[in-house]
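Those sequence lines, one after another, are chains F and B. Note that our numbering numbers the first sequence so that position 61 is 447, with each residue one more than the last. Note that our numbering numbers the second sequence so that position 68 is 164, with each residue one more than the last. Built from N, CA and C at the ideal position, the CB exists for glycine as well.
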Amino acid sequence: MKNRMWINLFMAVLVAGLFFTVSCAKKTIVSDATTIEDQAKTDAQAKAAAQAKVDAERIAQQKLEDQMANEKALKEAKAMAAKKRFENQDIHFEYDSSELSSMAKMLLKEKAAWLKANLSVSVTIEGHCDERGTTEYNLALGERRASEVKAYLGDLGISASRLNTISYGEERPIDTGKTESAYRKNRRAHFAIQ
Amino acid sequence: MVSFMGNKRYCSRDMLNKIILSIIYCFFLPGCLFLYSVPVAAKDYNYINISNPFLRKTPVAVPEFKAFNGHAAEVRAGKKAWDILKDALNFTGYLKTMNPAAFLSHPAETGIQLGQINFRDWTGIGAELLITGGVIEAHGKVKLKLRLFDTFNAKLLVGKVYTGPRSQIRKMIHLFCSEISYQLTGKWGVFNSKIAFISTVKGKKEVFTCDFDGQNIKQITFHKSISLSPSWSFDGKWLAYVSYARGTPQIFIKNLKEKRGTIVNYKGMNISPDWMPGQLKLAAALSFSGDQEIYLLTITGEIIKRITKSWGIDVSPSFSPDGRKIVFSSKRAGTPQIYIKDIESERVQRLTFKGPNNTSPAFSPDGKKVAFVGIEKNNINIFVINIDSGMQVQLTMNEGDNEDPSWSPDGSMLVFTSTREGGISRIFVMNASGSDPRRLLKLKGKQTQPAWSMSKTMEN
Chain F
387 MKNRMWINLF MAVLVAGLFF TVSCAKKTIV SDATTIEDQA KTDAQAKAAA QAKVDAERIA
447 QQKLEDQMAN EKALKEAKAM AAKKRFENQD IHFEYDSSEL SSMAKMLLKE KAAWLKANLS
507 VSVTIEGHCD ERGTTEYNLA LGERRASEVK AYLGDLGISA SRLNTISYGE ERPIDTGKTE
567 SAYRKNRRAH FAIQ
Chain B
97 MVSFMGNKRY CSRDMLNKII LSIIYCFFLP GCLFLYSVPV AAKDYNYINI SNPFLRKTPV
157 AVPEFKAFNG HAAEVRAGKK AWDILKDALN FTGYLKTMNP AAFLSHPAET GIQLGQINFR
217 DWTGIGAELL ITGGVIEAHG KVKLKLRLFD TFNAKLLVGK VYTGPRSQIR KMIHLFCSEI
277 SYQLTGKWGV FNSKIAFIST VKGKKEVFTC DFDGQNIKQI TFHKSISLSP SWSFDGKWLA
337 YVSYARGTPQ IFIKNLKEKR GTIVNYKGMN ISPDWMPGQL KLAAALSFSG DQEIYLLTIT
397 GEIIKRITKS WGIDVSPSFS PDGRKIVFSS KRAGTPQIYI KDIESERVQR LTFKGPNNTS
457 PAFSPDGKKV AFVGIEKNNI NIFVINIDSG MQVQLTMNEG DNEDPSWSPD GSMLVFTSTR
517 EGGISRIFVM NASGSDPRRL LKLKGKQTQP AWSMSKTMEN
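Spelled out as structure tokens, the structure:
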């Protein structure tokens, strides 16, 4: 009968052990479940964060692109303005003179800078005169004006091969008036981009 | 026969010396020559000295022409010839036709030949010259019998008969006028000369030509560009002019009849052509060297010789009548002035010293004077300077801008551009002394840069 008691004890211990083991195992599963929940949360957070980052990046990119586009447009506008100014700002001369004034030289320095920034461009320098003076003399005077301008740009480092000259004498006035201000406008070297 | 009596009352005392000299000259010189009734070479004397600045116009009576058969076509032809003759005579600076209302006799009825004319009828009304004409017309053919008489000496000076189709009446009359001119002035005159000029067509400058009196206008170029500075060759067969038709200013040398020519297209500018008298060579300003200089060129544009050698503007050459010198504008002394250079010896003489800006010179046909444009205080005027004495006379004053003087072949007149009518450039002629300015052309647009041909031009 004593044996029976040992077996029971053993069984009891075993069962208890089993129970314990089961209890232990059950505990690990719970723990696992908790981890999965956390993971999902973390994942969602990470995803959200990633999305936010992407969004932020996209916005930043957009901003940058916008900024670049703006800058490009601005730059283009500036370039266009510079080109317009290059073409439209005439060099003026005194009556019966082909000498470059300090103002003329300043403007020509600006033109030289533009020509250096736009190396592919060749230009024709047109020499013009006011109507006072005979036709043939004014053709000669107009040529000297254009040549003076070309020579000065040459001094500033612009290759002569990019600079053509032509004289129109008094044939192409921009103001046909007979006033000093009209004459002043007409006595000019004009730049035409080829 | 040319006297100052009629003018005397207008003369001031300080002019007395000049007047006396003029009277001596005008009365005495031709008078002397009248004593020799043998034909004298016309070159040796002048009835009329057209270079006399105090020239009084000689009154000439031109009664109606006689129509020999009297039929309508003949009368019409006679009337036409008569009108053309009067216009041509009045165009000269030295003759004026008289009002027929004053005439005491009528050669159309009483006869047009020497012996049929009562010269006292003509001297009595102050006619110093008389021209009679007769016309025979048959089947469109016209015969013109024309005579010029010296009334005071009752002498036939010129008698000519011309025959041709009715369409050639104008030419026949002008041939006779050339004979008159030769008799009276020793020069063939302007009657077979032409004038080239620039006129705008839709805003573009093109070369045109017309007869001496502005008739028979023809457009020569159709470049639709800028054309400038026409110049006649001595034989009237060639025109040289500047055109931008190919981009830069180049000289086009064009044969008017044969539609051929060449283009002078050195690098830079090719401008201000002027033909040499008697030879088919021309002077022009070229800038291929980097400096504007005047060169002597062949008719195909090859360089014979560089004429000017100075830094600065050298333009607008004009040959002396013997072709040995050129007068031109140069800025070598700081302001544009007129210089004369002997082509062979290369001797240079500065001609103008008055005024800040003198350009556009033109050698007179007698080689003694130069017409030019002087600019001072925005006033653009034409002057004539005597080469030997340096005496300078202003021909235009207070009447717009006046430019581009060109001499008539006999030196009696100048053609020029003026803005005196409405501020628009038009072509005018005046006598060499500056008197009698009158508009030559009624044409749309602006006209500039007239160039008078030499005397013998080709008839087109």
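Would you say Tyr523 of chain F faces chain B, with C-beta separation under 8 Å as the test?
Yes - at least one Cβ of chain B is within 8 Å of the one on Tyr523 of chain F.
In chain order, what residues of the same chain lie with their CB nearer than 6 Å to the CB of Gly127 of chain B, ignoring the 5 residues before and after it?
Its pLDDT being 36, under 50, Gly127 of chain B is placed unreliably by the model, and nothing is read from it.
Using the rule of at least 16 other Cβ atoms within 10 Å of the residue's Cβ for burial, across every protein chain shown, is Glu302 of chain B buried or exposed?
Burial call: buried.
Below 9 Å on C-beta distance, what does Arg629 of chain F contact in chain B?
This structure cannot settle anything about residue 629 of chain F, because the visible part of chain F is limited to 387 through 580.
Within a Cβ cutoff of 6 Å, which residues of the same chain sit near Tyr362 of chain B, ignoring the five residues on either side of it in sequence?
Counting only Cβ-Cβ distances below 6 Å, and skipping sequence neighbours, we find Leu382 and Phe384.
Whole angstroms are fine: how far does the CA of Gln279 of chain B sit from the CA of Ser414 of chain B?
Their backbone Cα atoms lie some 29 Å apart in a straight line.
Which value, in whole angstroms, describes the spacing of the CA atoms of Gln425 of chain F and Asp441 of chain F?
For Gln425 of chain F and Asp441 of chain F, the distance between alpha carbons rounds to 23 Å.
Are the CB atoms of Pro457 of chain B and Phe449 of chain B nearer to each other than 8 Å?
No, they are not a contact pair.
Would you say Ser547 of chain F faces chain B, with C-beta separation under 8 Å as the test?
For Ser547 of chain F, the answer is no, since every Cβ of chain B falls outside 8 Å of its Cβ.
Bridge partners of Val525 of chain B, per DSSP?
B:Val511 and B:Arg534, per the DSSP bridge assignment.
With DSSP as the reference, label Gln490 of chain B as helix, strand or coil.
Strand at Gln490 of chain B.
Using the Cα positions of Arg570 of chain F and Pro559 of chain F, report the straight-line distance between them to the nearest angstrom.
Going from the Cα of Arg570 of chain F to the Cα of Pro559 of chain F covers about 10 Å.
Reducing DSSP to helix, strand and coil, say where Cys515 of chain F ends up.
Note: Cys515 of chain F maps to coil in three-state DSSP.
Going straight from the alpha carbon of Leu191 of chain B to that of Asn527 of chain B, what length do you get?
Using only the alpha carbons, I get a separation of about 12 Å.
Can you name the residues that DSSP bridges to Pro155 of chain B?
DSSP, once it has assigned bridges, lists B:Lys192 as partnering Pro155 of chain B.
Quick check on Thr247 of chain B: buried or exposed, where buried means 16 or more other Cβ atoms within 10 Å of its Cβ?
Thr247 of chain B is buried by the Cβ-count criterion.
What does the alpha-carbon distance come out to for the pair Thr544 of chain B and Gly310 of chain B?
Thr544 of chain B and Gly310 of chain B: Cα-Cα distance of roughly 14 Å.
In terms of residue numbering, what span does the alpha helix (DSSP H) encompassing Ala379 of chain B cover?
Where Ala379 of chain B is concerned, there is no enclosing alpha helix (DSSP H), although the beta strand (DSSP E) it sits in stretches over Lys377 to Leu382.
Output, in chain order, the set of chain B residues within a Cβ distance shorter than 8 Å of Ala465 of chain F.
By Cβ distance, chain B contributes nothing, its closest Cβ being about 29 Å from Ala465 of chain F, past 8 Å.
Can you give me the Cβ contacts of Lys162 of chain B inside the same chain, cut-off strictly under 6 Å, excluding the 5 residues immediately before and after it?
Here the set comprises Ala204, Ile208 and Gly230.
Just to make sure I have the definition right: I need the residues of chain B whose C-beta is within less than 7 Å of the C-beta of Ile552 of chain F. Which are they?
Simply Thr344.
Label His270 of chain B either buried or exposed according to how many other C-beta atoms from any shown protein chain fall within 10 Å of its C-beta, with 16 as the threshold for buried.
The residue in question, His270 of chain B, is buried, as its Cβ has 16 or more Cβ neighbours within 10 Å.
Buried or exposed: Asp179 of chain B, going by 16 or more other Cβ atoms within 10 Å of its Cβ?
Per the 10 Å Cβ criterion, exposed.
For Gly555 of chain F, name the three-state secondary structure that DSSP assigns.
Looking at Gly555 of chain F - three-state DSSP - the assignment turns out to be strand.
According to DSSP, simplified to helix, strand and coil, what is Arg574 of chain F?
DSSP places Arg574 of chain F in strand when its eight states are reduced to three.
Return the residue from the list F:Leu527, F:Phe396 and F:His478 that minimises the CA-CA distance to Lys427 of chain B.
Residue F:Leu527 is the option with its Cα nearest to Lys427 of chain B.
What does Glu480 of chain F reach in chain B if we use C-beta pairs closer than 7 Å?
Result: empty, since nearest Cβ-Cβ is about 13 Å, beyond 7 Å.
Since Leu494 of chain F sits in a beta bridge, which residues does DSSP pair it with?
DSSP, once it has assigned bridges, lists no residue as partnering Leu494 of chain F.
Taking C-beta pairs closer than 8 Å, name the residues in chain F that Val411 of chain B reaches, listed in chain order.
The contacting residues are Glu522, Tyr523, Leu525 and Ala526.
Under a CB-based cut-off of 8 Å, is Pro203 of chain B close to chain F?
Pro203 of chain B does not count as touching chain F.
Would you list, in chain order, the members of the stretch 315-339 of chain B that have their beta-carbon closer than 7 Å to a beta-carbon of chain F?
Listed in sequence order: Ile322, Leu324 and Ser325.
Three or more beta-carbon pairs under 8 Å between the stretch 429-437 of chain B and the stretch 493-503 of chain F, yes or no?
Taking 8 Å as the limit for Cβ pairs, the verdict is that the stretch 493-503 of chain F does not touch the stretch 429-437 of chain B.
Which residues share a DSSP beta bridge with His478 of chain F?
Partner(s): F:Arg574.
Does the count of Cβ pairs from the stretch 364-376 of chain B and the stretch 432-448 of chain F closer than 8 Å reach three?
Touching, no.
Cα separation between Asn572 of chain F and His514 of chain F?
Going from the Cα of Asn572 of chain F to the Cα of His514 of chain F covers about 6 Å.
For the pair the stretch 162-175 of chain B and the stretch 503-522 of chain B, tell me if three or more CB-CB distances fall below 8 Å.
Segments in contact, no.
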